[in-house]
Amino acid sequence: MFGHQDDLAYGIGWKYPNGQSDVYRVTGDYPAVFGWDLGHLELESAYNLDSVSFRDMIGFAKSVHENGGINQYSWHCNNPLTGGSTWDVSNAGTVKSILPGGEKHMVYISWLDQVAWFLHSLRDAEGNAIPVLFRPFHELEGNWFWWGKPYCTSEEFKTLYQFTIDYLINTKQVHNIIIIYSNADNFTTCENFLDRYPGDNYVDMIGFDIYQSPKISNAAFVDWLKQMLGVLQEASVKTGKIPAITEMGYEQIPDPTWWTNVLWPTIKDFKISYVLFWRNAANRPNHYYMPYPGHPSEKDFLKLYSFPETLFRKDLN
Ligand code: BMA
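So the sequence shown is numbered by the numbering used here: it starts at 1 and just counts up by one.
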């Protein structure tokens, strides 16, 4: 399945409610998986960190679900200790500070209450909860988020993850989440990949985020992605959890045949449930990962779309 972040909220040259979806504008179909981010929900803000209104996001989730699509949520939450952004790594005591007994534990609980409220709001027309994918603390082995590897011990990380899931499910009775342990792209072995894995009872799916850049040749990227996918597959067999590429992309897609010459031949033989491409920012020129009408890779993307093995939303109905 192919996915896209913020697909219905904005794209190149448009913003909801004026417009629809860059994937639709190119293919006449929508992605199968729709990524959204909960960052700034914890601040009780009406808009997320990328200016998507949470009220709209709830509406998008309903329409995605009613049309057979899948919703995925990441959470670029602010730093609860410093008050800085999700990328504020200035205080290595942040994770510790929000664990039970920590000075910011109650702040973190109030943040989780917001997340629980949001997840409870995702209901279909009959009032049934909509099942969604939830991937907290993503790219956990990286050094760019406050929960990253250099800023907490493995035990602290696992405790935070377990506490978060236990609180949402047991205390707040959130039962519509499929939980994804979502790593960065810097692991080399299965052991490495599962280094901070919180345990089979806390996770339903596993995945990683990976990006190409012009500094990485196509050949090097193919090798690297294959290696990651090999490890993911091994970890999937070991844990019994469904694998996915939870984020990926090549900013601006500077290679017009990237979709069928680089991406497809590399991923096609691996058992991954979906791959989600990052957002087409409306207000940050050149920060986009899916083609739009007139983009040089548009034709190639249509070719990928036509392959019977690639699933978009129509294929799910
Ligand atoms: C990053 C960039 C940022 C954005 C963040 C959270 O990769 O796209 O502009 O704020 O993701 O969506």
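Glycine residues also receive a C-beta, built at the ideal position from the N, C-alpha and C atoms. If you're wondering where the values come from, they're calculated on a predicted model, not measured in any experiment.
Check: residue i C-beta below 7 Å from any heavy atom of the ligand BMA
i, result
"residue 76", "yes"
"residue 25", "no"
"residue 37", "yes"
"residue 278", "yes"
"residue 8", "no"
"residue 49", "yes"
"residue 335", "The displayed coordinates of the chain run from 1 to 317. Any statement about residue 335 would go beyond what the structure contains."
"residue 284", "yes"
"residue 138", "no"
"residue 120", "no"
"residue 295", "no"
"residue 40", "no"
"residue 287", "yes"
Under 8 Å between C-beta atoms of residue i and residue j
i, j, result
"residue 229", "residue 179", "no"
"residue 37", "residue 4", "no"
"residue 206", "residue 239", "yes"
"residue 276", "residue 72", "yes"
"residue 131", "residue 176", "yes"
"residue 26", "residue 298", "yes"
"residue 182", "residue 138", "yes"
"residue 11", "residue 197", "no"
"residue 247", "residue 224", "no"
"residue 141", "residue 95", "no"
"residue 312", "residue 2", "yes"
"residue 262", "residue 221", "yes"
"residue 112", "residue 61", "no"
"residue 64", "residue 6", "no"
"residue 304", "residue 260", "yes"
"residue 115", "residue 194", "no"
"residue 89", "residue 146", "yes"
"residue 165", "residue 208", "no"
"residue 78", "residue 42", "yes"
"residue 56", "residue 24", "no"
Residue-chain proximity (residue i, chain B), Cβ-Cβ < 8 Å
i, result
"residue 73", "Of the protein chains in this structure there is only one, and it is not chain B."
C-alpha gap between residue i and residue j, whole angstroms
i, j, result
"residue 199", "residue 161", "10 Å"
"residue 184", "residue 270", "18 Å"
"residue 143", "residue 8", "30 Å"
"residue 190", "residue 217", "25 Å"
"residue 333", "residue 135", "The structure shown does not extend to residue 333, since the chain spans only 1 to 317, so no value can be given for it."
"residue 109", "residue 152", "19 Å"
"residue 309", "residue 317", "15 Å"
"residue 300", "residue 103", "53 Å"
"residue 128", "residue 39", "25 Å"
"residue 163", "residue 172", "12 Å"
"residue 119", "residue 314", "26 Å"
"residue 68", "residue 125", "14 Å"
"residue 14", "residue 294", "15 Å"
"residue 59", "residue 19", "15 Å"
"residue 362", "residue 35", "In this structure the chain extends from 1 to 317, so residue 362 is not present and cannot be described."
"residue 80", "residue 44", "14 Å"
"residue 242", "residue 203", "10 Å"
"residue 219", "residue 258", "11 Å"
"residue 281", "residue 50", "8 Å"
"residue 83", "residue 159", "22 Å"
"residue 105", "residue 256", "49 Å"
"residue 22", "residue 66", "20 Å"
"residue 283", "residue 214", "22 Å"
"residue 47", "residue 264", "35 Å"
"residue 268", "residue 170", "39 Å"
Tell me whether the segment 97–114 and the segment 23–34 touch, counting them as touching only if at least three CB pairs, one residue from each stretch, are closer than 8 Å.
no
Would you call the segment 235–252 and the segment 281–300 in contact, with 3 or more CB pairs under 8 Å?
yes
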